[in-house]
Structures are given as structure tokens and as C-alpha cells.
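Numbering (our numbering), first residue to last: 15 to 286.
Every residue gets a Cβ at the ideal spot worked out from N, C-alpha and C, and that includes glycine.
As C-alpha cells, this is what we get:
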């Protein structure tokens, strides 16, 4: 049979449009909840395949919600309308801003060696020695992201985990800054030292201030838990101790504030 002639006046048939694929977790896949517009939007940007379902209150119809819905629909994520009190019970707080997401909790565990081996500039690492408050952890992650830190390192025991509250406070930084938990913090510090990283512990009683520390070299700042400061073994493992000079009546700073001062001083010295 002869081939049909091309007729420019007849539009070509359009292929059927496929519906977006909705992420679905395999059976027995561990999941966790994150909440707040910043945290969920960041997860949709950086790891959309890990977002399994989003619960959203129906009483908000502002521009922010419309933009968020477009982002979620573009990623093919199922949206479930829910009442605000049900979201309160789901995450145990009213600070969810009307959006909660169920995400895949399985992800490749990042090792400290992975970060140290992949750096193409002098390291800048934040080490948290036993921070217990998830709000402080989230704020530290946010500060680390803003300062361009390459990782945040913390012990697995006697420290808060990366829970939903920490993720929300981090405002997306939990998905951009590698958060590495280690079984032995002193050993991890020695691993950094073997890789050429200068380990500095923040201690109020230190003679030298942070402005006297050369931070143009690879540096890891170690900050202690709220109220307790650095543990003895952690303190002894550091290459040197330094303090933030205090000019007022308060004796100490919140750990996230102190982290920001130390990390941004490193950026200032490096000219960026």
C-alpha cells in the first residue's frame, strides 16, 4: 500500500498524556514525618522521590499554598486534605503550618570519610558534642548551611536525633548539609586530624580567642552541649581551645549562635 501523504492542514495526533506517578513506599519501608513549608518544600526540591504523601489543611488558600501545591503536583506526590487538629495529633505540635509530609526514612548513610575524600577546598566542619535540644540542632544545621560548612558531625548516643522538630527548624538545611552521626566522637576527631583538619574546641575558659585561630586552613569547630560544654575526652582530643570574647553580662551563648560566630569567622578569614 502507498504511504499516506503528509497533509499540513491536518494536525498530528498528540500522544496521550500520562498522569503523574504517585510515589508509593514498598511494604515495610520505614517512614518518618516532617512538617512546615520550608522543610517539606526543601525535600520536594532535593529528594522528591522520597516524599510519599503530603497532608494539607483545607482552610489555607493563599499564594504560598498555591505555589506549594504546584510544586507537589509537579513532583507527582499525593495530596491528602486533613483537619488541623488531626495534624496536631499526627506530629505532636501545632507548629506544622498546616502541612505534614510522610517521607521515606531509608537513605544512604553518609560517612565522615565520604565528606573528607570529596572536598575540593579547605574543610569547614561543625561538630556538636551532645546537643540535646532539637531546636538547637535544627538551628545549627541552618547556620552550617548559611556558612557553607561541609558537614555537621554528632555522636549517636547522648544527643538528639534528626527528628521532625529539628528538620522543621533547619528550614531545608537538613537536606543540604550532610549530618553525620558517629559512635565514637573522639575517634572521629582523630580521623579528621589524620586528614589534615585542625580541630578547635570552643571553651569559655580558653586563653586564646577565636580571632587568634588560623582558620584559612582546614578547620573543624567543636561545640559542647547546652550547659555542660565539651566532655573531657572531647576537650583533650582537640588541637586547641578558643573562646568567643564576651563583653556583656551574660556568660554564654546559645550553641547555634556560637556556631554561627565561629563558622562565619572562618569565612571572613578565607575572604568569602
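Residue 236 vs residue 223 beta-carbon contact at 8 Å: no
Nearest residue (CA-CA) to residue 205, options 272, 219, 131, 193: Put simply, of 272, 219, 131, 193 the residue whose alpha carbon is nearest the alpha carbon of residue 205 is 131.
Assign residue 266 to buried or exposed, taking buried as 16 or more other Cβ atoms, counted over all protein chains shown, within 10 Å of its Cβ. exposed
Could you check whether the region 185-194 touches the region 156-168, counting it as contact only if at least three pairs of C-beta atoms, one from each stretch, sit closer than 8 Å? yes
Count the other C-beta atoms from every protein chain shown that fall within 10 angstroms of the C-beta of residue 251, then say buried if there are 16 or more, exposed otherwise. buried
Classify residue 60 as buried or exposed, calling it buried when 16 or more other Cβ atoms lie within 10 Å of its own Cβ. exposed
Apply the 10 Å Cβ neighbour rule to residue 225 and answer buried if 16 or more other Cβ atoms are within range, or exposed otherwise. exposed
Unbroken stretches of the alpha helix (DSSP H), 4 residues or longer, contained in the region 142-171: 148-161
Taking the alpha-carbon positions, what's the residue 213 to residue 94 distance? 47 Å
In this structure, what does DSSP give as the bridge partners for residue 201? BP columns for residue 201 are empty, so no partner.
Distance CB(residue 215)-CB(residue 176) smaller than 8 Å: no
Does the Cβ of residue 124 have 16 or more other Cβ atoms within 10 Å, making it buried, or fewer, making it exposed? Flag for residue 124 reads exposed.
Rounded to the nearest angstrom, how far is the Cβ of residue 71 from that of residue 106, given a contact under 8 Å? Incorrect: roughly 16 Å between the Cβ atoms, too far for contact.
Close beta carbons around residue 36, own chain, < 6 Å, minus the five adjacent residues each side: With a pLDDT of 42 at residue 36, under the threshold of 50, the modelled position of that residue is not reliable, and the figure given next carries that caveat. Closer than 6 Å at the Cβ level, and outside the excluded window around residue 36, lie 90, 92.
Using a threshold of 8 Å, state whether the C-beta atoms of residue 45 and residue 102 are closer than that. no
Let me know if residue 150 comes out buried or exposed under the rule of 16 or more other beta-carbons within 10 Å of its beta-carbon. buried
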